[in-house]
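Below is one structure, written out as structure tokens; comments come after it.
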Amino acid sequence: MLASPLKIPPYSAKLAGDTAKQMAVAVDVVNFFLLENYNYRKTSLVKFVDAANHNGNSHIKHIPPASSLAAIRDALS
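Residue numbering for the sequence shown follows our numbering, beginning at 1 and increasing consecutively.
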């Protein structure tokens with residue numbers, strides 16, 4: 001589990017995802033994003049998950065700011 005603001009360029013995120021895939025590590029990402037610089041961070045996360053994905057074993061969910069617990073539960077189910 002990682003919990004931190006993401007400060008990694010998309011290219012580096014892809015390399016990290018490639019490494020995860022080579023090591024047979026599946027990733028599931030829940031992105032509780034802030035609106036500031038959202039598109040940059042989303043791009044890096046998507047590239048990471050796409051690179052790590054092998055036959056649908058890695059996933060990403062984006063949770064908008066100020067979502068209720070019910071909305072989060074529904075997004076993750």
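Beta carbons are placed, not taken as given, at the ideal position from N, Cα and C, and that holds for glycine.
Beta strand (DSSP E) runs wholly inside the stretch 36-73, at least 3 long, in chain order: Qualifying beta strand (DSSP E) stretches, in chain order: 59-63.
Among 52, 71 and 63, whose alpha-carbon lies nearest the alpha-carbon of residue 21? Nearest C-alpha to residue 21: 52.
Just to confirm before moving on: does the CB-CB distance between residue 31 and residue 45 stay below 8 Å? It is a contact, given that the beta carbons lie within the stated cut-off.
Measure the alpha-carbon distance for residue 61 versus residue 23 and round it to whole angstroms. Distance from the CA of residue 61 to the CA of residue 23, rounded to the nearest whole angstrom, comes to 23 Å.
Which first and last residues belong to the beta strand (DSSP E) in which residue 32 is found? Residues 28-32.
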